[in-house]
Each structure stands twice: as C-alpha cells, then as structure tokens.
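One structure below.
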Amino acid sequence: MFEIKEVKDLRKKFGLTQTQLAKQAGVSQSLIAKIEAGKIDPTYSNAKKLFDTLLRINNEHELKAKDIMNQKIIFINSRERLKDVIKKMKKHEISQLPVIDEQRVVGLITESSIIEHLVGDELPNPTEQPVEKIMDQSPPIITPNTSLSIVSTLLKHFPLLLVADKGIHKGLITKADLIRKIST
C-alpha cells in the first residue's frame with residue numbers, strides 16, 4: 023500500500039499532472055495540490071480514491087509475464103533417454119526443460135535432477151533411462167498477463183514458469199529471463 027506522502031512521487035512516476043490524477047480519482051485538483059504540499063490530511067474516502075487510482079495505474083504500468091517470457095520453448099518427451107536430453111541442454115545452453123507427454127506438460131528436468139540421478143542412483147546405464155524416471159514435478163503455468171510481482175515470487179520457489187493462454191503454450195520464464203529484462 024502507498025503512503026499519503028508518496029502521492030506526488032507516484033503521480034510524477036506515472037507521468038500524470040495533478041489535474042489528470044484528480045480526474046481519474048474523482049477528486050479536485052486543489053485537493054491533490056494541498057496533499058502534495060503537506061497542507062492537509064485527506065479524509066479516508068478521498069485517500070481511498072487516490073490510493074485505488076494509483077494502485078490501478080501502477081498495475082497497468084507493471085511488467086507482465088508476456089513482457090518477460092522467452093517465446094522459444096524447447097520441450098522434451100517423457101520417454102527420451104537422459105543422454106539425449108543432456109545433449110539437447112548442452113546444444114541450447116539451457117539448464118532446465120519442460121517434459122511433455124502427448125502435448126501435456128508432465129514434469130521438468132533440471133541440471134540438479136540430472137546430477138542427483140547420475141550420482142545417487144545405482145541403476146545400470148543411468149544415461150539410458152527415460153526422463154520420466156527422474157523428472158521433477160511440472161512447473162507452474164501462468165497467464166501472459168500475470169504481474170511481475172507474482173512472477174518474481176513464483177521464481178523464488180520454481181526454476182521455470184510456463185506461460186500459456188487458453189491451454190496454448192506461449193513462452194517460458196526463468197530467473198535469467200527476469201534478470202535480463204529488469205536490468206535493461
């Protein structure tokens with residue numbers, strides 16, 4: 023939530039004049055001028071109108087998943103052998119891949135899960151095993167309009183997010199994609 027002393031900074035950040043903000047919030051321009059000058063404390067209802075408007079404008083300006091996502095998605099089939107998956111990961115210089123089975127995402131294979139399998143399992147010919155035997159759970163699927171704040175929260179818990187619209191995969195987001203986008 024915002025504080026009343028932030029109104030001026032937020033208004034300027036969003037490129038609004040006092041008159042434009044007043045019109046959108048349904049308050050007078052003079053009220054905004056007095057609030058910004060610190061001459062008055064607004065009533066609860068006027069403060070709520072201002073904050074609701076600023077929050078709506080902030081959400082409109084915030085990056086969305088569609089702005090961050092990488093549209094080049096490389097999937098692997100759940101029955102592919104681990105050695106083929108490792109080759110694909112090296113070739114494309116990626117550290118994780120969504121796993122599909124009959125066009126449905128059924129899991130995720132990561133460098134960590136591969137290392138864990140190669141070091142921990144005592145199966146004969148571990149690289150000949152199908153990916154379905156070692157894959158992790160499916161990554162979350164989000165919509166293209168998911169906000170940056172939700173994307174960043176999810177990436178704290180998952181290495182990859184899939185972006186889909188009405189069941190059609192549009193892209194994916196990794197921590198590297200997020201860092202690349204917000205650092206430019």
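Going left to right, the sequence shown walks through residues 23 to 206 as this note's numbering numbers them.
Cβ atoms here follow ideal geometry from the backbone N, Cα and C, with glycine treated the same way.
Expected contact under 8 Å - CB spacing of residue i and residue j to nearest Å
i, j, result
"Met91", "Ile195", "5 Å"
"Glu58", "Lys30", "4 Å"
"Lys178", "Val185", "About 17 Å separates the two Cβ atoms, so there is no contact after all."
"Leu43", "Ile26", "Not confirmed; about 13 Å, so no contact."
Cβ pair residue i, residue j closer than 8 Å
i, j, result
"Lys86", "Thr149", "no"
"Leu72", "Ala47", "yes"
"Leu200", "Ser169", "no"
"Leu119", "Ile136", "no"
"Ile122", "Asn99", "yes"
"Lys94", "Asn167", "no"
"Arg103", "Pro146", "no"
"Val49", "Asn68", "yes"
Continuous alpha helix (DSSP H) stretch holding residue i: start and end
i, result
"Leu194", "Note, Leu194: premise wrong, no alpha helix (DSSP H); beta strand (DSSP E) at 190–196."
"Thr175", "170–177"
"Ile90", "87–90"
Residue i: first and last residue of the uninterrupted beta strand (DSSP E) it sits in
i, result
"Leu184", "182–187"
Residue i versus residue j - alpha carbon distance
i, j, result
"Thr165", "Arg33", "29 Å"
"Ile163", "Leu140", "28 Å"
"Gln40", "Ser171", "27 Å"
"Ile62", "Lys56", "6 Å"
"Glu154", "Pro181", "18 Å"
"Arg101", "Val128", "11 Å"
"Ser52", "Pro64", "12 Å"
"His83", "Gly37", "11 Å"
"Met111", "Ser205", "25 Å"
"Asp187", "Gln125", "15 Å"
"Asp158", "Glu138", "11 Å"
"Ile96", "Lys203", "20 Å"
Residue i Cβ short of 7 Å to the ligand PLP heavy atom set
i, result
"Lys56", "This structure lacks the ligand PLP, and indeed carries no ligand of any kind."
Problem - Inside the region 105–166 only - beta strand (DSSP E) runs reaching at least 3 residues - result: 118–123, 126–132
Practice task
Note down, one range per segment and in chain order, each alpha helix (DSSP H) of at least 4 residues found wholly within the region 33–83.
Solution key: 40–47, 51–59, 66–83
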